[in-house]
Amino acid sequence: RTILALALLLLPVAASAQDVPLPRPRPEPSIQQPSTKGEEPAAKAEKPAQSTAPRVFQTACPAVIGGLVTSRLLPPISRGQCGEQAPLALEAILANGRMVPVTGEPTINCELASALPAWLSAVDGYVAAHENTRIATVNIGTSYMCRDRRTGEANTDLSEHAFADALDVVGFTLEDARTGTAEQGWPGTDEDGRAIVRFAHDAACTSFMTVLGPEANALHRDHLHLDYGCHGKTC
1290 RTILALALLL LPVAASAQDV PLPRPRPEPS IQQPSTKGEE PAAKAEKPAQ
1340 STAPRVFQTA CPAVIGGLVT SRLLPPISRG QCGEQAPLAL EAILANGRMV
1390 PVTGEPTINC ELASALPAWL SAVDGYVAAH ENTRIATVNI GTSYMCRDRR
1440 TGEANTDLSE HAFADALDVV GFTLEDARTG TAEQGWPGTD EDGRAIVRFA
1490 HDAACTSFMT VLGPEANALH RDHLHLDYGC HGKTC
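Numbering (this note's numbering), first residue to last: 1290 to 1524.
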């Protein structure tokens, strides 16, 4: 018992809450105006000029980030009612595991770019199965252009080209050096690329909202028009 009592005496005693030191209160800021007696008034510091131009916001394209297409982001396009906030200069499209270049670096939007890989993969697969070759290049005509629709009538609405939402495909160059064009292939023979061009037209109907070929009207005799615009009451 004596040893236990001695041990208890040697244990440190816990300090009560009142014994815990608290930080000193924060001093009030001293507000003293310097004496200006006999001094020239100091010149007010000039604030840096701020730009009044609106800030430009662009959006990254998932198809580019995911490697489905390769492209360059272009500055926003604004021309009256025509334009696109984040246009792309398209360079190549992924088709069946490889990047297929396009001609002319067409200017399109992200939505249209995102629909191209599935379509081109289908056309390339058809070429591989039926022609024993592959697509080497997609030959492009018009992309962005601020104009009305080419319907042959006056006073039509703006074309989807005016919003970088349409692409005109002239034809394809194959790896065996043959070239199939809509103008020659559509009314021609399979040697002229008829089967490839017509398959490309039909396959596009599963990927795009509007597909116009040489039979649409005379203004489309030399290309396939593909767009992702919403048309009509039922889109």
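From the three backbone atoms N, C-alpha and C, an ideal C-beta is built for every residue, glycine too.
Where DSSP assigns a beta bridge to residue i, which residues make up the other side?
i	result
V1391	V1427
F1461	V1427, G1469
D1516	A1455, T1499
A1378	R1361, T1396
I1366	E1373
D1437	L1447
A1384	R1387
Report the residue from the options whose alpha carbon sits nearest the alpha carbon of residue i.
i	options	result
A1411	D1511, T1445, N1385, T1470	N1385
G1372	Y1433, Q1347, C1399	Y1433
G1474	R1438, D1511, G1355, D1446	D1511
Q1374	I1382, A1381, L1383, L1362	L1362
G1477	G1356, L1463, P1503, D1491	P1503
P1351	P1312, C1399, P1343	C1399
V1525	C1435, Y1415, K1522, G1521	Outside the displayed range of the chain (1290 to 1524) lies residue 1525, so it cannot be described from this structure.
For residue i versus residue j, is the C-beta spacing smaller than 9 Å?
i	j	result
P1376	P1364	yes
D1454	L1405	no
L1515	H1509	no
G1429	T1392	In the sequence under discussion, the amino acid at residue 1429 is Ile, which differs from the Gly named in the question. Yes, these two residues count as a Cβ contact at 9 Å.
T1431	D1413	no
F1452	A1425	no
V1408	T1495	The sequence as given places Trp at residue 1408; Val does not occur at that position. The answer is yes: Cβ separation under 9 Å.
L1463	H1490	no
A1381	T1359	yes
C1435	G1369	yes
Rounded to a whole number of angstroms, what is the C-alpha to C-alpha distance between residue i and residue j?
i	j	result
C1519	F1488	23 Å
I1397	F1497	14 Å
V1459	V1345	34 Å
A1418	E1394	28 Å
L1447	C1524	16 Å
A1492	A1349	28 Å
E1449	V1353	21 Å
M1388	A1466	18 Å
Q1347	Y1517	20 Å
N1421	T1499	30 Å
L1311	E1317	18 Å
L1383	K1336	51 Å
A1505	E1480	23 Å
A1484	A1507	21 Å
E1472	S1403	26 Å
G1521	T1445	14 Å
P1343	R1315	44 Å
R1423	T1341	52 Å
Mind checking residue i: buried by the 16 CB within 10 Å criterion, or exposed?
i	result
S1367	exposed
L1379	buried
L1357	buried
V1427	buried
G1482	buried
V1309	exposed
R1438	buried
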